[in-house]
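Okay, so here's the structure we're looking at.
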Amino acid sequence: MKVTVFAMPTVPATSDERVALRPVGRNPERYQMMVQELRGLAQLADDYGITAFATTEHHFHTEGGEGNPNPLLMFSHLAGLTKRITFIPLSVVLSAQDPLRVAEDVALFDHLYPGRIAVGFARGYQKRWIQVLTQGRGAAAWEPTDNGDARNRAIFNDHLAVVLKAWDNDVFDYRGEHYQVPFPYDEGVRGWAAPDWTRRYGADGEIDDEGVIRKIGTVPPMYTCRRPELFMPFGISQETLRTAVEHDMTLMLAEGRPEKFGELCEFYRTETERLGKPRRLGAKIAAVRGVALGDTTEEAFDVATRTMGYEWQQYFSLFGGFTEAFRTPEDAPDRPVMFADEAACTRRLMEVRHALVGTPDEVKFQLDDLHRIHGDGELEWLVWNFFSQGILPPDAWKKQLELFVEKVWPAFR
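Each residue of the sequence shown is one higher than the last, beginning at 1 in full-length UniProt numbering.
Put into structure tokens, the structure is as follows:
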């Protein structure tokens, strides 16, 4: 089983310090502390043989959470300090990015650090930054009841198609509702100053007999593969499942309830098999989970409450459909899933199997059940939501990684 340490790049501070130093995300010294912690975390994960290191991409987080606005730039620095570990932006919000730049940036990273890049693609859910950064382009953040979701999906699909065409072809064209290559598509790019140069040295079909650019090719191409491994986070959209199947993406599932998790894994296996890609149950599946370890069960619960319980209760639960994966029959069906406090949130995360919490032996037992897809499967990826960075002191989050690598993971490597 492969393991990704998935950090939520957090400016180190206590709750009181976040008030006293507000906006702590704009505090240069504290931000530099975060950068230093990310360096240490990536290097330690690499030394331990962890498969991959990932962070989110978000913008304008003056509050101090999720403070990495450019994962590939950060990863280019961290890759130079490490030897083997793969880096994964989780995720590139394609509807808010220029797809040709995404294709170029990922390919360039593959040349600088061969074979050490994978990519997650998502539609985005944070209105504050998506609405500002995509002004004039019509993209919108995903919301469970948002009428603009269809447009968001259409933009995402156009941009995804362009990225994949750029990786797959020396030159290509594309006529979509929200993106065209070349632009404008029908007219082409007229007035190119060096048509003979392009005819002589460029690709066939790039320029027509009248000197009009009809296709383009991104430079560089990928170096070690045609495409990097692609990841797709799944929330509640069946369209997302179909996109992941169509493009052979690794499906990221935060769903913890064993029956529902197993159903999603079986659906994915069945659908990929229908497309002529038979594989075992659990292949191309990444279970997104919180992990908290301690010398005692009580210590582990305290760690879980201060990290994942705090983050889910105070922040992520505010974004609509995220907590649907934690719903139980006791919850009112007409209300969002909410919790009384961090401890109650943590207990629910454990109840629905989203959180693996306990001593190393207890977590090993929980992970064994997950690894088997609660049956006879074999999970390919564990994506560890590493909330400890920035909340716990470095010695404490280093202990979390040490306990997992030395006492839990060996049974599944």
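Just so you know, even glycine gets a beta-carbon here, dropped at the ideal spot from N, CA and C.
In the DSSP annotation of this structure, the continuous segment of the alpha helix (DSSP H) that includes N152 starts and ends at 149-168. According to the DSSP assignment, A344 belongs to the alpha helix (DSSP H) that extends over 342-351. Here W197 is exposed: its Cβ has fewer than 16 other Cβ atoms, across all protein chains shown, within 10 Å.
Residue ranges of uninterrupted beta strand (DSSP E) with 3 or more members, entirely inside the stretch 237-311 and ordered along the chain, are 250-253, 285-293. Looking at L241, E177, E311, the one whose alpha-carbon comes closest to that of K284 is L241. Under the three-state reduction of DSSP output, G120 falls in the strand class. With fewer than three CB-CB distances shorter than 8 angstroms, the stretch 344-361 does not count as touching the stretch 270-282. For P393, there is no enclosing beta strand (DSSP E), as DSSP gives it neither H nor E. In the DSSP annotation of this structure, the continuous segment of the alpha helix (DSSP H) that includes P195 starts and ends at 195-201. Ranking R84, P9, R372, D204 by CA distance to the CA of N68 puts P9 first. Check the Cα spacing between W129 and each of V93, L100, Q313, T305: the tightest is with V93. Looking at the DSSP output, M34 shares a beta bridge with no other residue. Exclusion of the five residues before and after G176 leaves D158, A161 as the residues of its chain whose Cβ lies within less than 7 angstroms of its Cβ. In the DSSP assignment, M8 forms no beta bridge with any residue. Note that the C-beta distance between G320 and M308 is not below 9 angstroms. Here the alpha carbon of P28 sits roughly 12 angstroms from the alpha carbon of P12. The straight-line gap separating the alpha-carbon atoms of R22 and Q313 is approximately 21 angstroms. Contact annotation: the stretch 373-391 does not touch the stretch 321-337, with fewer than three C-beta pairs closer than 8 angstroms.
With distances taken between CA atoms, L275 lies nearest to T243 out of T243, T305, Q126, Q32. When the Cα atoms are used, E324 and F121 turn out to be separated by approximately 21 angstroms.
Nearest to L356 by C-alpha distance, out of W409, G136, Y185, is W409. Bounds of the beta strand (DSSP E) holding P89 are 86-89. When V106, L41, D110 are compared, the shortest CA-CA separation from T82 is found for L41. Within the same chain, R128, W129 come within 7 angstroms of F60 by CB-CB distance, once the 5 residues on both sides are set aside.
Taking a C-beta distance under 9 angstroms as the contact criterion, A96 and G124 qualify as a contact pair. Assigned with DSSP and collapsed to three states, Q400 falls in helix. Counting of Cβ neighbours within 10 angstroms places H58 among the buried residues, the total reaching 16 or more. It is roughly 23 angstroms from the alpha-carbon of E246 to the alpha-carbon of R101. For the pair E380 and R372, the CB atoms are not nearer than the 9 angstroms cut-off. Exposure of S15 is indicated by the presence of fewer than 16 other C-beta atoms within 10 angstroms of its C-beta. R175 is bridged by DSSP to Q180.
In the structure shown, F339 adopts coil according to DSSP, grouped into three states.
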